[in-house]
Amino acid sequence: MRLLYVPELQAGSFELPEDEARHAIKVLRAKVGDSFQLIDGRGGLANSKIVEVSKRNCLVHVSEILQTQAPSPNLTMLVSPTKQTERFEWFLEKAVEIGIDRIVPVWTTRSERKVEKHDRWKKVIVSAMKQCGRSWLPTLESACSFYDAVKSAESKIYIAHCMESPTNHLLEAIKVGENACIAIGPEGDFTLEEVDFALNHGGVEVSLGDSRLRTETAAIVATTYFRALQK
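Just so you know, the sequence shown maps onto residues 19 to 249 in this note's numbering.
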């Protein structure tokens, strides 16, 4: 069934948010009597039926809202945005599809481009959530320094870098069933000072394999490894 994102999901009749109404009318060619599945990004899920359509508005009716269980364990990714915007957006899209829970864009010493596009990134995440049928919207934090992100981390940090080959592979280091925070650096890698800072805050050095990966590729590989361990 086709999905629409309604942050303020409720039972009864109501108008869809402007963006979703436009998408339903212009792209999906919605008409009276059509059924859509609505998600609120917080686990709420409901079947709806369109009862009225105008040029700009779409009135739907919901009889019942179901609550789905939150994903567990949770994965947080500290990742340095890439210089090429489309590459970072590709990471966001694929990470949501695979199963990321929280994304923290971080500025590091070697970050090539410190430009935050939070609204644009949020749209990419919402679109990916709808595409893959998730009912929980991953959290996108505001960009911050790597040091601040490490200090505020709520779970164990696994820092992947290429300066020397860490003895622990990520697959061996992460414990099944536990939340994790994985740190992926910029194209120029983390500095020694950044790695030491993470280690001094309880972090663990990990490897993602023998190949030297691009930032967005490394982040996707790490996300895939984490989710594969939970199966």
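For glycine and all other residues, C-beta sits at the position ideal for the given N, C-alpha and C.
- Taking a 10 Å sphere around the C-beta of Asp119, we find 16 or more other C-beta atoms and assign the residue as buried.
- Within the same chain, and ignoring the five residues on either side of Gly206 in sequence, the residues whose Cβ sits closer than 6 Å to its Cβ are Arg128.
- Put simply, of Leu155, Pro99, Pro156 and Phe106 the residue whose alpha carbon is nearest the alpha carbon of Arg131 is Pro99.
- Leaving aside the five residues that flank Val69 on each side, the residues in its chain whose CB is nearer than 8 Å to its CB run, in chain order, Ser31, Val50, Leu77, Val78 and His79.
- Cβ contact annotation for Leu247 (same chain, cutoff 8 Å, sequence separation greater than five): Leu189, Ile192 and Val194, in chain order.
- A contact between stretches requires three or more CB pairs, one per stretch, nearer than 8 Å, and the stretch 217–226 fails this requirement with the stretch 92–106.
- Just measuring C-alpha positions, the residue of Val168, Arg245 and Cys199 sitting nearest Glu212 is Val168.
- With fewer than three CB-CB distances shorter than 8 Å, the stretch 52–63 does not count as touching the stretch 100–115.
- Distance from the CA of Glu38 to the CA of Pro25, rounded to the nearest whole angstrom, comes to 11 Å.
- With contacts defined by Cβ atoms closer than 7 Å, Ile200 and Leu158 do not form a contacting pair.
- The residues Glu234, in chain order, have a CB closer than 8 Å to that of Trp108 in the same chain once the five nearest residues on each side in sequence are set aside.
- Of all alpha-carbon atoms in Tyr23, Thr242 and Gly227, the one lying nearest the alpha-carbon of Glu182 is that of Gly227.
- Straight across, the Cα-Cα distance linking Glu172 with Ser81 is about 38 Å.
- Scanning Ser72, Ser170 and Ser66 for the CA closest to the CA of Ile83 turns up Ser66.
- Membership of Arg40 in the alpha helix (DSSP H) is indicated by the continuous run Glu36 to Arg40.
- Val144 is not a Cβ neighbour of Tyr243, given a cutoff of 7 Å.
- If you draw a straight line from the Cα of Pro204 to the Cα of Val45, it is about 37 Å long.
- Here the alpha carbon of Phe54 sits roughly 51 Å from the alpha carbon of Leu210.
- Contact between Cys162 and Val124 holds, since their C-beta atoms are separated by about 6 Å, short of 8 Å.
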